[in-house]
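Q:
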Amino acid sequence: MADLPGKSRNTKGMVQGHMDKIIINFTPTGMFPGKKDSPFVPISSREIIEDVKAACKLGITMVHLHARDENSGEPCYKKEKYAEIIAGIRKFSEDLVICVSTSGPAFPEASKRTDILSLDGDLKPDMASLTLSSFNFNKQASLNPPETILQLLHEMNMRDIKPELEAFDSGMINYAKYLIKKGLLTPPHYMNLILGNIACAQADLLHLSVMINDLPEDCLCSIGGMGANQIVMNSLAIAMGLGVRTGLEDNLWYDSKRTKLAKNIDLLERVHMLIHANEKELMHPAELRNRLHLRGKR
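With our numbering applied, the sequence shown closes on residue 889, and no number is skipped along the way.
1) Excluding the five sequence neighbours on either side, which residues of its own chain have a C-beta within less than 7 Å of the C-beta of Gly560, listed in chain order?
2) Within 10 angstroms of the Cβ of Asp846, are there 16 or more other Cβ atoms? Answer buried if so, exposed if not.
3) Would you kindly work out how many angstroms separate the C-alpha atoms of Leu883 and Arg836, rounded to a whole number?
4) When the Cα atoms are used, what is the spatial distance from Met718 to Lys612?
5) If you reduce the DSSP assignment to three classes, tell me which class Thr693 lands in.
6) On the three-state DSSP scale, how would you describe Tyr845?
7) Count the C-beta pairs between the segment 788 to 795 and the segment 719 to 730 that are closer than 8 Å, then say yes if the count reaches three, no if not.
8) Could you give the C-beta distance for Leu874 and Asp841, rounded to a whole number, given that I count them as a contact under 8 Å?
9) Considering only the beta carbon of each residue, do Ser720 and Ser684 sit closer than 7 Å?
10) Relative to the C-alpha of Asp809, which candidate in Leu796, Ala819, Asn748, Leu776 has its C-alpha closest?
11) Excluding sequence positions up to five away, which residues of its chain have a Cβ less than 6 Å from the Cβ of Thr739?
12) Which of the three DSSP states, helix, strand or coil, is assigned to Lys753?
13) One question on the structure: do Ala646 and Phe623 come within less than 7 Å of each other, judged by their Cβ atoms?
14) From which residue to which residue does the beta strand (DSSP E) around Val654 run?
15) Quick one: grab the DSSP three-state call for Arg589.
16) Should Ser709 go down as buried or exposed, given a rule of 16 or more other Cβ atoms within 10 Å for buried?
17) Taking buried to mean at least 16 other C-beta atoms within 10 Å of its own C-beta, is Arg637 buried or exposed?
18) When we look at the beta-carbon of Ala868 and count the other beta-carbons within 10 Å, is it buried (16 or more) or exposed?
19) Relative to the alpha-carbon of Ile752, which residue among Ala767, Lys772, Pro737, Ile707 has its alpha-carbon at the smallest distance?
20) Classify Gly887: buried if its beta carbon has 16 or more other beta carbons within 10 angstroms, exposed otherwise.
21) So what's Cys791 in DSSP terms, helix, strand or just coil?
22) Hey, would you say Met610 sits closer than 7 Å to Gly832, going by beta carbons?
23) Is the beta carbon of Met763 sitting closer than 7 Å to the one on Ser800?
Written as structure tokens, this is what we have:
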């Protein structure tokens with residue numbers, strides 16, 4: 592692969608954000624997909640926990656959690672629901688890096704989005720998502736005004752919860768650098784680059800290269816793609832020595848022609864095959880904890 596311009600390669604000649612082992616950031620369920628879209632989308636706490644348990648047996652580095660109301664299937668912001676899920680995961684994995692969502696499509700109010708950040712002890716999440724700007728999905732807006740971002744970041748910093756920075760285009764990376772310059776984000780950083788959303792960076796090598804080139808110093812990253820773009824972005828990421836974000840949150844189908852609905856384990860098994868084919872290794876949770884200066888094994 593040809594060198595990317597600017598800062599895309601470090602002093603060892605590696606792509607910016609390159610890792611010797613691959614982060615798998617597992618996203619079992621999001622805010623939008625439901626049982627009407629696929630019977631395999633986990634909605635209840637039990638279903639989410641069971642999918643995470645199966646993922647851990649196969650091998651993942653971290654999990655990005657959304658909570659859902661078990662009756663309606665709608666997103667749920669309440670810390671009590673997240674506590675059920677986190678407690679269930681901790682029964683079989685003490686060291687899995689757990690990240691919770693504070694994203695805004697369903698709950699623009701900062702008071703609701705910060706509720707999860709008040710959990711303590713073994714229920715306290717290691718990380719929490721921080722989307723770095725407002726943007727549109729195809730049918731809904733994700734509202735993230737600066738004052739909300741700053742309030743979420745303040746709460747995370749106060750509680751020693753590492754932000755999982757989410758960037759859907761290069762402008763969001765630039766805003767992260769602004770927060771770094773202000774001293775509000777401290778290294779080491781972790782960022783998800785999510786491509787293929789209709790109103791943001793598209794899932795091609797040019798857009799991905801620009802975003803990688805723009806990453807801040809001392810930053811690990813994982814690459815995700817919306818819909819059929821998931822496998823393309825995951826494949827590129829693994830070949831380049833970058834992490835992957837994968838799961839039913841971003842993509843319900845196993846194939847681009849939409850002939851087979853995927854299960855979470857299907858998507859994870861495919862990522863493992865790609866890691867093996869590229870002669871790379873999975874980064875285990877303990878190593879990510881060390882790299883990001885997170886608290887040690889529970």
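Each residue gets a CB set at the ideal place from its N, CA and C atoms; glycine is no exception.
A: Inspection of the coordinates gives the following:
1) Nothing can be reported for residue 560: it is not among the residues displayed for the chain, which extend from 592 to 889.
2) By the 10 Å Cβ count, Asp846 comes out exposed.
3) Their Cα atoms are separated by approximately 17 Å.
4) 20 Å
5) coil
6) coil
7) Yes, the segment 788 to 795 is in contact with the segment 719 to 730.
8) First, the amino acid is wrong: residue 874 is Met here, not Leu. In fact, because the Cβ distance is near 20 Å, the residues do not count as touching under 8 Å.
9) no
10) Leu776
11) Ala701
12) strand
13) no
14) Its beta strand (DSSP E) spans residues 653 to 656.
15) Lying outside 592 to 889, the shown extent of the chain, residue 589 is not represented and no answer is given.
16) exposed
17) exposed
18) exposed
19) Ile707
20) exposed
21) coil
22) yes
23) no
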